[in-house]
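Numbering follows our numbering, with no gaps: position 108 of the sequence shown is 126. Beneath this line is the structure, given in structure tokens, with notes to follow.
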Amino acid sequence: ATAGESFGDGRYEVDVKFVDGPLDNAGGIVLMFDEDAFYFFALRGDGNGLIARCADGCVDFTMLGNQGWFATDADWGVNSQNRMRVEADAGELSCYVNNGLVATVTDDTYKEGDVGVLVASGAEGQAHFEFDNILVVDE
19 ATAGESFGDG RYEVDVKFVD GPLDNAGGIV LMFDEDAFYF FALRGDGNGL
69 IARCADGCVD FTMLGNQGWF ATDADWGVNS QNRMRVEADA GELSCYVNNG
119 LVATVTDDTY KEGDVGVLVA SGAEGQAHFE FDNILVVDE
């Protein structure tokens, strides 16, 4: 789901609640979305994070920072809630969970686009997330 707007460098935030399902399901924030290309920052139910760039509807998928899924200090498990934030500045994406910096990557493929949320189910499916308090500060 996206907002139908266009934003560039700035701050993107959302509250993400993992309501139920297997811990390999993920929810997060999408930024600089343009038709079928975008960046995303996601958290799994086990608290691990991922920053990636998608193209061609995510057929072309690139994990950024050569880290793959990485450990964070996120609250995790059923009914866990975390405040996710991405600060985009001239090709640098700094990602935060509950105000703590968890990773910074550099990629200037996309410059602007829409904002939204995403849910990705693991092998077992049944992903259930809730999103609230979406904030974008365009800088």
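Note that the Cβ used here is the ideal one computed from N, Cα and C, for glycine as well.
query	result
Counting Cβ pairs closer than 8 Å, one from the segment 82-89 and one from the segment 116-125, do we hit at least three?	yes
What three-state label does DSSP hand Gly-134 in the structure shown?	strand
If I measure Cβ to Cβ from Leu-68 and keep anything under 6 Å in the same chain, skipping five residues before and after, which residues do I get?	Ala-60, Trp-87
Please work out which residues of its chain come closer than 6 Å, Cβ to Cβ, to Leu-41, disregarding the five sequence neighbours upstream and downstream, and give them in chain order.	Gly-63, Asp-64
Report back the beta-carbon spacing between Leu-111 and Val-120 to the nearest angstrom; my notes put them in contact at under 8 Å.	At roughly 11 Å, the Cβ-Cβ gap does not stay under 8 Å, so Leu-111 and Val-120 are not in contact.
Taking the CB atoms as reference points, tell me whether Ala-19 and Val-135 lie closer together than 7 Å.	yes
Assign Ala-141 to one of two classes, buried (16 or more other C-beta atoms within 10 Å of its C-beta) or exposed (fewer than that).	exposed
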